[in-house]
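When you number the sequence shown by this note's numbering, it's gap-free, plus one each residue, and the end is 133.
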Amino acid sequence: MNDITQDDLNQALKRHDNCVVLVYTNMCGTCESAKIMLDIVSKTMKHLLIYQLNVNHYPNIIEDYHITSIPCFLLFKEGKLVEQFYAFHSVTFLYQKFMKIFNDIF
Numbered sequence: 028m029n030d031i032t033q034d035d036l037n038q039a040l041k042r043h044d045n046c047v048v049l050v051y052t053n054m055c056g057t058c059e060s061a062k063i064m065l066d067i068v069s070k071t072m073k074h075l076l077i078y079q080l081n082v083n084h085y086p087n088i089i090e091d092y093h094i095t096s097i098p099c100f101l102l103f104k105e106g107k108l109v110e111q112f113y114a115f116h117s118v119t120f121l122y123q124k125f126m127k128i129f130n131d132i133f
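Laid out in structure tokens, this is it:
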């Protein structure tokens with residue numbers, strides 16, 4: 028899982044990439060849990076681009092995507108936002124959600 032900038036994200040979306048972006052902050056315990064779970068998922072979904080973006084460095088993303096809580100998951104398919112969610116119950120939950128949305132790339 029790689030850290031990206033807001034410019035990197037915009038470039039990925041222009042390329043019509045399929046990707047998951049975890050919007051997080053430092054000093055957030057829940058964000059750290061999300062990172063651990065995403066790291067596990069990324070090992071089984073190697074074709075899915077999974078990024079993390081620190082909202083402290085790019086606060087405009089809050090307004091751009093109407094983010095109401097952190098951590099926030101943004102799922103982009105072919106460069107378009109298809110789902111945004113905040114609750115992540117387990118690794119299995121994330122895996123199943125990603126499979127449902129990105130099933131055509133696996």
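Cβ atoms here follow ideal geometry from the backbone N, Cα and C, with glycine treated the same way. The model shown is predicted, which means the values in this text are computed figures rather than measured ones.
Beta-bridge partners of D91 (DSSP): none assigned.
Inclusion of Y78 and I31 in the CB contact set at 7 Å is warranted, their separation being smaller than that value.
DSSP places I63 inside the alpha helix (DSSP H), whose first and last residues are G56 to T71. Per DSSP, I128 is not a residue of any beta strand (DSSP E); the alpha helix (DSSP H) it occupies stretches across V118 to F129.
Note on geometry: alpha-carbon atoms of E90 and K70 lie some 31 Å from one another.
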